[in-house]
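S.K.: For my numbering, count along the sequence shown from 1 and bump the result up by 288.
Every residue, glycine too, gets a C-beta built ideally from N, C-alpha and C.
Please read all numbers here as calculations on a predicted model, not as lab measurements.
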Amino acid sequence: MTTTSDRRARLDLFESDDAFLVIAEVPGVRAEDLELSVEKDTLSLSATTTEPEPGRVVERQFAPVTWRRSLKLPDGIDAERITARFEDGLLRVDLPRSAAQRRRRIPIGTTAEA
Numbered sequence: 289m290t291t292t293s294d295r296r297a298r299l300d301l302f303e304s305d306d307a308f309l310v311i312a313e314v315p316g317v318r319a320e321d322l323e324l325s326v327e328k329d330t331l332s333l334s335a336t337t338t339e340p341e342p343g344r345v346v347e348r349q350f351a352p353v354t355w356r357r358s359l360k361l362p363d364g365i366d367a368e369r370i371t372a373r374f375e376d377g378l379l380r381v382d383l384p385r386s387a388a389q390r391r392r393r394i395p396i397g398t399t400a401e402a
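And the structure:
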């Protein structure tokens, strides 16, 4: 019988004028083993490492790991435009702001320019 270990995925959250970016560390999993979902204002991630080839275990120091993490999303995210990509154990999730929530820089003129 194989047991799994539950772990909390570490992540960083970055902000730009038009989006947020989440980078989550989920080592040992394949892209097809990742599950990412959004419900209301929560982004949820889960993934389970695959078990090694079956055989008689002589010694076990590595057990399958289930990674989990939930993150409350900032206000103004356009959930329909969220994208994700996975490479080298890092999951990058792009969370674009809705058009109404995007920060816009307003140029300031002078009376000499008029």
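Please classify Arg-348 as buried or exposed, where buried requires at least 16 other C-beta atoms within 10 Å of its C-beta.
M.R.: exposed
S.K.: What is the C-beta distance between Leu-322 and Val-310, in whole angstroms, given that I count them as a contact (C-beta under 8 Å)?
M.R.: Leu-322 to Val-310, Cβ: 13 Å. No contact.
S.K.: Fully enclosed by the segment 324–394, which beta strand (DSSP E) runs are 3 residues long or longer?
M.R.: 330–336, 353–360, 371–375, 378–384
S.K.: Within the 7 Å Cβ cut-off, does Ala-367 reach chain C?
M.R.: Reference to chain C is not applicable here, since this structure consists of a single protein chain.
S.K.: Note the first and the last residue of the continuous beta strand (DSSP E) segment covering Ala-297.
M.R.: For Ala-297, there is no enclosing beta strand (DSSP E), since its DSSP letter is neither H nor E.
S.K.: What does DSSP give as the partner residues of Glu-313 in its beta bridges?
M.R.: Arg-298, Leu-378
S.K.: Are the CB atoms of Gly-364 and Arg-392 nearer to each other than 7 Å?
M.R.: no
S.K.: Going by DSSP, name the residue or residues bridged to Ala-307.
M.R.: Ala-307 is bridged by DSSP to Pro-384.
S.K.: Tell me whether Phe-252 is buried or exposed, calling it buried when 16 or more other Cβ atoms sit within 10 Å of its Cβ.
M.R.: The question about residue 252 has no answer here: the residues shown for the chain are numbered 289 through 402.
S.K.: Hey, how far is the Cα of Pro-395 from the Cα of Glu-327?
M.R.: Rounded to the nearest angstrom, the two C-alpha atoms are 37 Å apart.
S.K.: Tell me the rounded alpha-carbon separation between Ala-312 and Ala-372.
M.R.: 11 Å
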